[in-house]
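Report on one structure; see the data block that follows.
Take a look at the structure:
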C-alpha cells in the first residue's frame, strides 16, 4: 500500500477513537457535581431556567450531545459557558501559541539532553559518567513536576535571584528557562534511561561486532551503525512523552502563571465550563493521535523491514 | 616467511581459560583450518586475532601480524589493521549485516574509514566488489537492504565487505554453517576464487569443508591445540583422541543406512497443499499437493533446502498450519485440518521435537515439570516414577529432575525435549531439524537414542532435515522436496546410491567429500526461485543441466516405479548413479 493511502486509512481509523474521547469527556464532565452556573448564592429559579435554556442545558443529554457534535463537525467548539461572549475557539486560539512554544521547547530539550546523557552513560557503561547520569535520571523520574517546579523557583528565583519566578512582567528569554526545565526534566530522565538501555543492547549485536572488525572505530560505529536502531525506542516514546508534557503543562502553567492552554483547562474544570474543558480535551487527543501517526510513519522510514500496509 | 605468528595465546573469561597457550603460524596466501567442537575455543581464538574478544576477557601471549604485535595494542592501532591487513567473515550473515543500512553503504564505510577512497570512487569500487562476489545486478543491489537478500547473497556481501580493503589474511568463522549445502558449495568456491594471494584462516566444525579448502589443519580441544599438520596427514592418520572423536562423529554419505521395510501405512498426506497470503493479494504456494505415507515403525526423512516447504509440510500434517487442500489420514481416518479440532488421543499420538532445544523448553520450568506437562494437559498427571522412567529412557538420571533449561547442555536439552514428546506414548514422532543444532558427537548419540527407542517401541519417525549424511544414517525412506514439491521419494539406500532426480543428484554432489578423501563439492549454480513466481513447467528446470524444451513447457507428475517415485520427464533415460562430474 502506498504511503498516502496508509495515512488516509490511519486518519479514518482515528475517528472512532476521537469520537470515544468526545463521548467520554462529554459525559464525565457533566457527571462532576455542580454546574457552570452554580454560584455561592443560588440564582432565582426563573433566571437559572432562562440561562440554561439559552445554553440548551435543559435538553436531554443525547440532544445536547448531538447539538455539540454538529458544531464539532463544522469546527465549532461552542461558546464558553463562563466567559460571556467568548467562544472556545477564540480562547484556545489565544492560549495555544504560548503553550505550543513551551511544549516544543520542552520536547526539544528532552530529546537533545536525554539522548546525549543516555549515550554518554551507555558508552561509559559502569563508569562514573554512567553512575552520575543514571542517578540524575532516577531522581528526575521519581520527583513529580509539582515538587520540581516550586523547588526550581525557590533556588533559582528566590534564593539566587538569577531568573524570574513567574511569567508576568518578565517576557525575555530568561522567563522561559525555569518552566521549560520543569516540564522537560522528567522526560529527559526517562529518555536518558531509554537511550542508555537501547544503545547498550544495540552495541551488543553481531552487526556491531562485524562493523568493529572492519576497523570503523568506536565513533564511526556508533554514528553510522548504532545510533539509528538505538533511537527507535525513543521514537516510540514520543507519543507518551507528549502526553506527559501536556499533563505537566497543566501544573507548570499554573505554578509559573503562564496564560496557556493548561491554565485555561484548570480554570475551565474548576468553573465547570463544559465546552472549554471538552475543547481542550479534543485538542489534546488530536495532538496525541497525530503524533503517534507521525511516529509510525517515521518508524517505517528508519526501519526498512517495517513497511506499512 | 610467516605472515601471522601466534605464540602462547591465552584468553581468560574470569577464572575460565577458554584459549590455553595456542601456537600457530600462517604463511602468506596459505589456508589453515581450525576445527573443534563448540566450546573448544576456536571462535575465541579468531576474535582475539582481531582484538574483538569481549571487554571483560583477558588476552595474553603474542599475536604478530607482519611482525606487528597485536596483543595489548590500542584500539586505534587495531582499527588501522582491521579490514586492511586482517579481515573477518562471521557465521550468521543474517545478523552480521546491519539491517538499518543499505548494503552499498556498509561496504562504502569500510573504504572511507580507512581513507582508501572517497565520493564517487567509493561507489565504483563497491559495485566492482559486489560484482566480483557474484551479486547479480550489483549497480542496483548497492541500494538493497540486507533483508531483501537471500542467506547466500548476504554471505556474499559479507565476503565483499571483508575483502574490499584487500587484507593479507581473511579469518572466516563458520562462514557456511548457516547456509544450505548447495549455497555452501557456492560460497566455498567463491572464497577459493577470490582470495588468490590472501591467506585464509577457516574456522569450522565441518571437517569435510576444511578438507576441501585447507592445506593445513589445527585441531582444538578444550582451549588447547590437540594436533596440527598437513590436512591429509591429520585426517588420514590422526594422533590425538580429539581428532579421532571428531572424525568418528562425521556422518558418512557413503555408509549404507537402514534398509527400507515393509509395514502397514500409519500416517498419510494426500494431496496436501499449503498456501500463504502474500502482498498484493498474491498467494504463495508453500506446499503443492504433497502425497506421502509414513509406515508403522519406519523413519521417513524429508530433505530439501530452506524454503523447500519441508517444515511446512510437517506442520500441516500435525495440524499446526491449516492446509488449503488435501487431507491427513491417520490410522485409516481423515483428521481435522486444525490441531484444535482433533481428538485428544490423536493429538497425543503425534508428537513434535523442535530444532532449538534451548528455545523449545520453558525457562521457568524444572525438567520434571517440562517432561510431565503433556500428561498434565491430558488430565492424567504422570507419577514421579513415570517421569524418572521417561528421563531414564533418554539416558538422563534423577539428578536432572530439578534442573532448569539453562542448566542443561544442548544435547541434554534435546534429550529432555524427546522425553517430553515420548511420555505421552505417541505412535509418530516428528523431528524438525532436531539434531541440526548439536555438535557432531552429541548428534551421533541422539541419533542412536532415536534408533534405539524406535527398535524398542515401534515408533514411526518423520525426520525433517537438511543434512543428507545424517539422513542416510537414520532414514528408511527419503522424500526430496524442492520449491514446495516432492520431486523424489525412495528407499534411503537406493536414493543415495542411484538418485533419479537431477536435483537429488545435485544435492548429493554439493556435500563436501569425507575428510581424508579427494574431491570438492560440485556447485549447483543459481538460487532457489521465489515461490511467489515459480518457473513454468518443471520447477527445477532453470537450474537443471539436463533440462530440455519439454521440461520448460510441462510440469512432470511424480510417477511410481517399484517402491520409489520421481517427478522428472527424463528419469528413465538419465543415469545419475555417478556424481561429481
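Protein chains in written order, with our numbering: chain A, 1 to 309; chain B, 1001 to 1581. Cβ coordinates follow ideal geometry from the N, Cα and C atoms, glycine included.
Query	Result
For residue 1472(B), the nearest candidate out of 1556(B), 1499(B) and 1350(B) (CA to CA)	1499(B)
Given residue 242(A) as reference, the closest of 295(A), 63(A), 23(A) and 255(A) once Cα atoms are compared	295(A)
For residue 1160(B) and residue 1129(B), believed in contact at Cβ under 8 Å, the rounded distance	5 Å
Burial state of residue 1196(B) (16 or more Cβ within 10 Å)	exposed
Candidates 1246(B), 1172(B), 1240(B) and 1217(B), of which the one nearest residue 213(A) by Cα	1172(B)
Residue-level contact to chain B via CB, residue 216(A), 7 Å cutoff	yes
Same chain, Cβ closer than 7 Å to residue 1245(B), five either side skipped, listed in chain order	1441
Separation of residue 183(A) from residue 282(A), as counted between CA atoms	22 Å
Identity of the residue in 1565(B), 1559(B), 1516(B) and 1095(B) nearest residue 1237(B) by Cα	1516(B)
Sheet register partners of residue 19(A) (DSSP bridge)	BP columns for residue 19(A) are empty, so no partner.
Contact under 7 Å by Cβ, residue 1093(B) with residue 1158(B)	yes
Where residue 201(A) meets chain B, residues with beta-carbon distance less than 8 Å	The contacting residues do not exist; residue 201(A) stays about 14 Å from chain B at best.
Residue 1481(B) - containing alpha helix (DSSP H), residue span	No alpha helix (DSSP H) contains residue 1481(B), which is instead part of the beta strand (DSSP E) from 1477-1482.
Pair within 7 Å by beta-carbon distance, residue 265(A) and residue 251(A)	no
Per-residue DSSP class, three states only, for residue 306(A)	coil
Selected residue, minimal CA-CA separation from residue 120(A), among 276(A), 130(A) and 111(A)	130(A)
At least three beta-carbon pairs within less than 8 Å, the segment 1034-1045 of chain B to the segment 1222-1231 of chain B	yes
Under 7 Å from the C-beta of residue 206(A): neighbouring residues of chain B	1090, 1092, 1095 and 1096
Every unbroken alpha helix (DSSP H) within the segment 1325-1350 of chain B, with a cutoff of 4 residues, ordered by chain	1344-1349
Residues from the segment 209-242 of chain A in contact with chain B, defined by Cβ distance under 8 Å	209, 210, 211, 212, 213, 214, 215, 216, 217, 218, 220, 224, 225, 228 and 229
Under 8 Å by beta carbon: chain A residues contacting residue 1084(B)	215
Sufficient close CB pairs (3 or more, under 8 Å) joining the segment 144-157 of chain A to the segment 196-210 of chain A	no
Distance between beta carbons of residue 1152(B) and residue 1179(B), contact taken as under 8 Å	6 Å
Buried versus exposed, by CB contacts within 10 Å (16 or more), residue 1282(B)	exposed
Contact list for the segment 1545-1576 of chain B against chain A, Cβ threshold 7 Å	none
Residues within the segment 1106-1140 of chain B neighbouring chain A, beta-carbon criterion of under 7 Å	1109, 1110, 1113 and 1114
Short CB-CB distance (under 7 Å) between residue 1501(B) and chain A	no
Ranges of the alpha helix (DSSP H) found wholly within the segment 1128-1171 of chain B, counting only runs of at least 4	1138-1141 and 1151-1163
Residue 1169(B) vs residue 1199(B) beta-carbon contact at 7 Å	yes
Separation of residue 1425(B) from residue 1349(B), as counted between CA atoms	7 Å
Residue 1277(B) - containing beta strand (DSSP E), residue span	1265-1277
Short-range partners of chain A found in the segment 1049-1069 of chain B, where Cβ spacing is below 8 Å	1050 and 1052
Sequence-distant residues of its chain with Cβ nearer than 8 Å to residue 235(A) (five each side left out)	295, 298, 299 and 302
Alpha-carbon to alpha-carbon, residue 1075(B) and residue 1418(B)	47 Å
Minimum Cβ-Cβ distance from residue 305(A) to chain B less than 7 Å	yes
Inter-residue CB distance, residue 167(A) and residue 71(A) (contact presumed, cutoff 8 Å)	Actually they do not touch by this definition, with Cβ atoms about 32 Å apart.
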